[in-house]
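This note's numbering puts the first residue of the sequence shown at 308, with every later residue one more than the last. All C-beta atoms, glycine included, are put in the ideal place defined by N, C-alpha and C.
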Amino acid sequence: MKNLLLGLGVIGLVPGAWFLYKYLYPDSGGADRNDLVLGGICAGVGLICFAVFFFMKFREEGEQDISITKF
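As structure tokens, this is what we get:
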């Protein structure tokens, strides 16, 4: 599950960055707001996936018992 979230996060950020780049530096004519909306949605989905991934990872690591006898 964590690997899936990490993959979706990367897959979401790549097109998000591409659409935002297309919005900031248009090829010809004016900037298209659809690129801004698509870039924001893709980047938002990617960041949400990363946040859930790190939340799950830290919660899993926090549940481990730490024993003083290990030292």
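Asked, Found
"Considering just the uninterrupted stretch of the alpha helix (DSSP H) at glycine 316, what are its terminal residues?", "309-331"
"My understanding is that leucine 312 touches phenylalanine 365, with C-beta atoms under 8 Å, so please give their C-beta distance in whole angstroms.", "That belief does not hold up - the Cβ atoms of leucine 312 and phenylalanine 365 are roughly 13 Å apart, past 8 Å."
"Around the Cβ of glycine 337, are there at least 16 other Cβ atoms within 10 angstroms (buried) or fewer (exposed)?", "exposed"
"Assign glycine 337 to one of three DSSP states: helix, strand, or coil.", "coil"
"Measuring only the C-alpha atoms, how far is methionine 363 from leucine 327?", "29 Å"
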